[in-house]
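Chemist: Submitted below is the structure of interest, expressed as C-alpha cells.
In the working numbering, the protein residues as written are 98 to 722.
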C-alpha cells in the first residue's frame with residue numbers, strides 16, 4: 098500500500114511538537130495510557146446511549162505487554178476502537194484529536210471526562226520508538242485495520258486482523274545510545290514505576306505480566322521464575338472522595354507515602370471548587386522542614402494533575418514563595434494534558450487556581466493559629482522564617498496575607514506572640530510597637546536600651562532573626578501603630594523628660610569634647626533618658642538601625658554601611674561624675690574614657706569592636722594606673 102503523508106506535513110513540525118511540549122521521554126507512556134482511558138470512556142458512553150448492550154464497565158482494562166527479544170512494548174485497550182477513516186483522521190493529522198471532537202459533540206450530555214484533547218500525545222511515542230503500529234477494531238464492526246509509521250516520513254493504513262474490539266499500539270523501542278537508555282522502557286519494573294507515577298489514578302485497571310521468583314519445590318536453595326499479572330494502578334484518587342469519606346489516618350498514610358515523609362503532616366487542607374476554575378486540591382502542612390528547605394537546592398511546587406493524570410511533578414506556579422513549604426497536589430479538568438512548563442506560566446486557569454489556593458492556605462494557617470496554638474507554634478518554628486521573608490520580599494506587597502501569621506518572642510509572655518495579640522494589650526497612651534534586636538531572646542532582653550521602655554510597662558518584641566527588622570520596616574505599621582526599635586534616637590516619651598531637664602553648660606562642653614574624641618564614629622554624645630542602671634549605650638538616628646547595619650555588613654561584598662550612631666551616657670551612673678572630673682582637668686584621659694565607653698557600648702549592643710588590639714591596650718593601661 099502506498100505511503101501517505103501526514104496532513105500536518107513535515108518532520109520539522111513533528112520534531113517541534115515532541116521537543117517543545119514534552120520535557121521527559123518517559124511521558125510517552127502517560128500519553129498512550131490516557132488515550133486508552135479515553136477509548137474506554139467513549140465505549141462506556143456508547144453503552145449508556147444504547148449503541149450496544151451487554152457491556153459491563155468492570156470488564157474494561159488496559160494491558161501492557163513487553164517483549165525484550167523483539168524490543169516491543171504494546172499498550173492495548175478493549176475500548177471503542179477506530180475505523181479506517183478514524184485511524185486516518187485521528188492519527189494521520191498531527192494535532193487532530195478524536196477525543197476533543199467527541200467531547201464537543203456530546204457536551205453537555207456526556208458524563209465522561211476526556212483526558213486528551215489536542216491530539217498531540219500519541220506522537221510522543223516517536224520519542225522512544227523508531228516505528229509504531231496501531232491495530233484497531235471499532236466496537237460496531239467486524240473489520241480491523243492496521244496503521245503503521247516510522248515518523249515524519251508518513252504512514253500506511255491497511256486491513257488487518259483483531260479478534261475483539263479495541264486498540265493495540267505496538268512500539269518498536271529504539272536501541273540505546275551513550276546518551277539515552279531506551280532499554281529502560283522494556284523493563285517491567287521501570288514501567289510499573291512510571292504507571293504509578295503518572296497514571297496511578299486512571300479509573301480503569303492497568304495490568305501487566307511481572308516476572309517473579311519463588312523457591313523451587315524439592316530443590317532446597319534453588320529458585321524458579323514465573324509470571325504473574327499485576328494491576329499497577331490504584332484507580333481511585335483520594336482527593337476526589339468527599340472529605341467525610343476519608344479518615345485522618347488515610348490522609349496521613351497517603352502523605353507519608355506520596356511525599357516520603359516519616360512524620361504525619363501538621364495539617365491537611367482539602368479544597369474542591371467549581372466555576373471559573375474547577376479543581377480538587379489536597380494540600381499538607383509538613384510537621385518539620387526538609388533538610389534543604391532554606392537552600393537554593395530546594396524545589397517548591399505542587400503535583401499537577403489533569404483528570405487524575407500527572408502533568409507535572411512540581412508546579413512552582415501554584416505556590417507563592419512564602420508558602421513554598423506546602424506539599425500536595427491539584428487535579429483540574431480545565432487543564433490540557435499536553436502542556437509545557439512555558440505554556441503553564443501563561444495559563445489563565447492556573448493563575449486562578451493559584452490565587453484561590455493562596456487564600457485557602459492563609460485561611461487554614463490562621464485557623465491553626467487561633468484554634469491549635471501549640472501545633473501552630475511548632476509549625477512556625479520550622480517555617481516562620483519563610484513567612485518573614487515573604488513580608489520583606491517584593492516591597493511588602495504580601496503584607497496583608499502574612500502580617501497576621503508571623504510570631505515574635507515577647508517580654509509579656511514566655512512564648513511567641515502575634516502582632517494582633519501585642520496590639521490588643523497596648524496601653525492607652527502607647528504610640529508605638531516596641532522591639533529589641535539580639536542574637537537570642539536573652540541578649541535582646543538584656544540590652545541597656547530596653548530599661549526605660551520596660552519601666553513604662555510597655556511590651557517589647559524580641560527580634561532574633563536577621564530578616565526580622567527588615568520585615569517590620571517593610572510592614573511599617575500594624576493596626577495603624579508604627580514599629581519602633583528600643584535603640585531608636587527618639588522613643589516618643591523621651592522628649593518631655595528632655596524639656597524638663599535642659600543640658601547645663603558643663604554637660605554640653607563634656608559631650609562636645611567626647612564627640613570630638615570619637616569623631617567619625619558617632620554623630621553626637623548626649624545624656625540618656627532611657628538608661629537606669631547601665632552606664633552607656635548606643636542609639637541610632639535615621640532609617641538604618643544598628644541591627645540592620647550588623648546584618649548588612651555580614652553579607653558578602655566589600656561595601657560597608659554604618660548607622661548614624663549616638664553615644665548616650667547615664668547621668669545617674671557614677672561614671673558620669675568621673676567624666677565631669679576628667680573634663681575639668683585631664684583631656685587625654687577623657688579621650689581614653691570616651692573610646693573605652695564607646696567600645697563597651699558596641700559590645701553590649703552586639704556589634705564588633707572596631708580595633709580589639711587598641712581597645713585592649715587602652716583598657717590595660719587604665720587598669721594599671
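Cβ atoms here follow ideal geometry from the backbone N, Cα and C, with glycine treated the same way.
Does the contact criterion of 3 or more C-beta pairs under 8 angstroms hold for the stretch 638 to 649 versus the stretch 707 to 722?
Modeler: no
Chemist: Should residue 450 and residue 350 be called a contact, given that it needs their Cβ atoms to be closer than 8 angstroms?
Modeler: Here residue 450 corresponds to residue number 353 of the chain shown, with the count starting at 1. Here residue 350 corresponds to residue number 253 of the chain shown, with the count starting at 1. At the C-beta level, residue 450 and residue 350 stay beyond 8 angstroms of one another.
Chemist: With burial defined as no fewer than 16 other Cβ atoms inside 10 Å of the residue's Cβ, what is the status of residue 394: buried or exposed?
Modeler: Indexing the chain shown from 1 puts residue 394 at position 297. By the 10 Å Cβ count, residue 394 comes out exposed.
Chemist: Quick one: grab the DSSP three-state call for residue 43.
Modeler: Nothing can be reported for residue 43, as the shown portion of the chain is limited to 98 through 722.
Chemist: What residues in its chain sit with their C-beta under 6 angstroms from that of residue 303, if we drop five residues either side in the sequence?
Modeler: Taking the chain shown and counting its residues from 1, one reaches residue 303 at position 206. In chain order, 159, 292, 329 and 330 place their CB closer than 6 angstroms to the CB of residue 303, counting only its own chain and leaving out the 5 sequence neighbours on each side.
Chemist: Which same chain residues end up closer than 8 angstroms to residue 184 when comparing Cβ atoms and leaving out the 5 residues on each side of it in sequence?
Modeler: To locate residue 184, count along the chain shown from 1; it is residue 87. Answer for residue 184: 231, 233, 242, 244 and 254, listed in chain order.
Chemist: Under DSSP, the beta strand (DSSP E) around residue 400 begins and ends at which residues?
Modeler: Taking the chain shown and counting its residues from 1, one reaches residue 400 at position 303. Element bounds for residue 400: 399 to 403.
Chemist: Just to confirm the assignment, what range does the beta strand (DSSP E) spanning residue 425 have?
Modeler: By 1-based counting over the chain shown, the position of residue 425 is 328. Per DSSP, the continuous beta strand (DSSP E) segment holding residue 425 begins and ends at 424 to 429.
Chemist: With 16 other CB atoms within 10 Å as the buried threshold, where does residue 388 fall?
Modeler: In the chain shown, counting from the first residue as 1, residue 388 sits at position 291. In this structure residue 388 is exposed. Its beta-carbon is surrounded by fewer than 16 other beta-carbon atoms within 10 angstroms.
Chemist: Work out the CA separation of residue 338 and residue 286 for me, nearest whole Å.
Modeler: As a working mapping, residue 286 is identified with position 189 in the chain shown. As a working mapping, residue 338 is identified with position 241 in the chain shown. Using only the alpha carbons, I get a separation of about 29 angstroms.
Chemist: Which same chain residues, not among the five before or five after residue 536, have their C-beta less than 7 angstroms away from its C-beta?
Modeler: Translated into the one-based positions of the chain shown, residue 536 becomes position 439. Around residue 536: 561 and 703.
Chemist: Which residue or residues does DSSP assign as beta-bridge partners of residue 330?
Modeler: Along the chain shown, read from residue 1 onward, the residue named residue 330 stands at position 233. BP columns for residue 330 are empty, so no partner.
Chemist: Could you have a look at residue 150 and say whether DSSP puts it in helix, strand or coil?
Modeler: Position 53 of the chain shown holds residue 150. Assigned with DSSP and collapsed to three states, residue 150 falls in coil, not helix or strand.
Chemist: Pop quiz: residue 282 and residue 299 are said to be a contact at Cβ under 8 angstroms. What is the actual Cβ separation, rounded to whole angstroms?
Modeler: Here residue 282 corresponds to residue number 185 of the chain shown, with the count starting at 1. Here residue 299 corresponds to residue number 202 of the chain shown, with the count starting at 1. Rounded, the Cβ-Cβ distance is 19 angstroms, inconsistent with contact.
Chemist: Give every residue of the same chain whose Cβ lies closer than 8 angstroms to the Cβ of residue 335, excluding the five residues on either side of it in the sequence, and list them in chain order.
Modeler: For this step, residue 335 is matched to residue 238 along the chain shown. Excluding five sequence positions before and after residue 335, the CB atoms of its chain that fall closer than 8 angstroms to its own CB belong to 343, 347, 348, 351 and 379, given in chain order.
Chemist: Starting from residue 163, follow its DSSP beta bridges and name the residues at the other end.
Modeler: As a position in the chain shown, residue 163 is number 66, starting the count at 1. In DSSP, residue 163 forms a bridge with 170.
Chemist: Given this structure, state the Cα-to-Cα distance separating residue 698 from residue 648, to the nearest angstrom.
Modeler: Position 601 of the chain shown, counting from 1, holds the residue named residue 698. Position 551 of the chain shown, counting from 1, holds the residue named residue 648. Their Cα atoms are separated by approximately 18 angstroms.
Chemist: Let's test the definition: count the other Cβ atoms within 10 Å of the Cβ of residue 604 and tell me whether it reaches 16, buried, or not, exposed.
Modeler: On the chain shown, residue 604 is found 507 positions in, with the first residue counted as 1. Its Cβ being crowded by 16 or more others within 10 Å, residue 604 is buried.
Chemist: Out of 700, 506 and 518, which one is the CA nearest neighbour of residue 545?
Modeler: As a working note, residue 545 is residue 448 in the chain shown. Selection 700, 506 and 518 evaluated against residue 545 yields 700 as nearest (Cα-Cα).
Chemist: As a quick exercise: from 153, 557, 276 and 426, pick the residue whose alpha carbon is nearest that of residue 301.
Modeler: Counting from one through the chain shown, the residue named residue 301 turns up at place 204. Nearest C-alpha to residue 301: 153.
Chemist: Does the beta-carbon of residue 376 have 16 or more other beta-carbons within 10 angstroms, so that it is buried, or is it exposed?
Modeler: By one-based count along the chain shown, residue 376 stands at place 279. Its Cβ being crowded by 16 or more others within 10 Å, residue 376 is buried.
Chemist: In chain order, which alpha helix (DSSP H) runs of at least 4 residues are fully inside the stretch 434 to 498?
Modeler: 438 to 441, 445 to 468 and 470 to 489
Chemist: Below 8 angstroms, how does it come out for the stretch 657 to 670 and the stretch 625 to 636: are there three or more Cβ pairs, yes or no?
Modeler: Short answer: they touch.
Chemist: Name the one or two DSSP bridge partners that residue 269 has.
Modeler: As a working mapping, residue 269 is identified with position 172 in the chain shown. Answer is 169 and 228, bridged to residue 269.
Chemist: Can you tell me whether residue 682 is helix, strand or coil according to DSSP?
Modeler: Looking up residue 682 in the chain shown gives position 585. Here residue 682 sits in helix by DSSP.
Chemist: I'd like to know if residue 487 contacts chain B, where contact means its C-beta is closer than 8 angstroms to some C-beta of that chain.
Modeler: Absent from the structure is chain B; it holds one protein chain and no more.
Chemist: Please list the segments of the alpha helix (DSSP H) lying wholly inside the stretch 496 to 568, counting only runs of 4 or more residues, in order along the chain.
Modeler: 496 to 499, 516 to 521, 538 to 542 and 547 to 552
Chemist: Name the DSSP beta bridge partners of residue 303, please?
Modeler: Walking along the chain shown from the start, residue 303 turns up at place 206. Partner(s): 159.
Chemist: Do residue 477 and residue 52 count as a contact pair if the criterion is CB distance below 8 angstroms?
Modeler: For residue 52 there is no data in the structure shown, the boundaries of the chain being 98 and 722.
Chemist: Assess, as a yes-or-no matter, whether the stretch 508 to 521 is touched by the stretch 572 to 587 under the definition of 3 or more beta carbon pairs within less than 8 angstroms.
Modeler: Yes: at least three Cβ pairs fall under 8 angstroms.
Chemist: Could you pull out every residue in the same chain whose Cβ sits closer than 6 angstroms to the Cβ of residue 248, ignoring the five residues on either side in sequence?
Modeler: The residue given as residue 248 occupies position 151 in the chain shown. Closer than 6 angstroms at the Cβ level, and outside the excluded window around residue 248, lie 223.
Chemist: For residue 273, I'd like the list of residues in its chain whose CB is within less than 6 angstroms of its CB, leaving aside the five on either flank, ordered along the chain.
Modeler: Position 176 of the chain shown holds residue 273. Result list for residue 273: 279 and 280, in chain order.
Chemist: Run through DSSP, which three-state label would residue 223 get?
Modeler: Reading the chain shown from its first residue, position 126 is the one you call residue 223. If DSSP states are grouped into helix, strand and coil, residue 223 belongs with the helices.
Chemist: What's the C-alpha gap between residue 722 and residue 686?
Modeler: For the purposes of this step, residue 722 is taken as residue 625 along the chain shown, with counting starting at 1. For the purposes of this step, residue 686 is taken as residue 589 along the chain shown, with counting starting at 1. The alpha-carbon atoms of residue 722 and residue 686 are separated by roughly 11 angstroms.
Chemist: How about residue 532 and residue 555: do their beta carbons lie closer than 8 angstroms?
Modeler: Residue mapping note: residue 532 aligns to position 435 of the chain shown, counting from 1. Residue mapping note: residue 555 aligns to position 458 of the chain shown, counting from 1. Going by C-beta atoms, residue 532 is not nearer than 8 angstroms to residue 555.
Chemist: Which residue marks the beginning of the beta strand (DSSP E) containing residue 251, and which one marks its end?
Modeler: Residue mapping note: residue 251 aligns to position 154 of the chain shown, counting from 1. Secondary structure note for residue 251: it is in no beta strand (DSSP E), with a DSSP letter that is neither H nor E.
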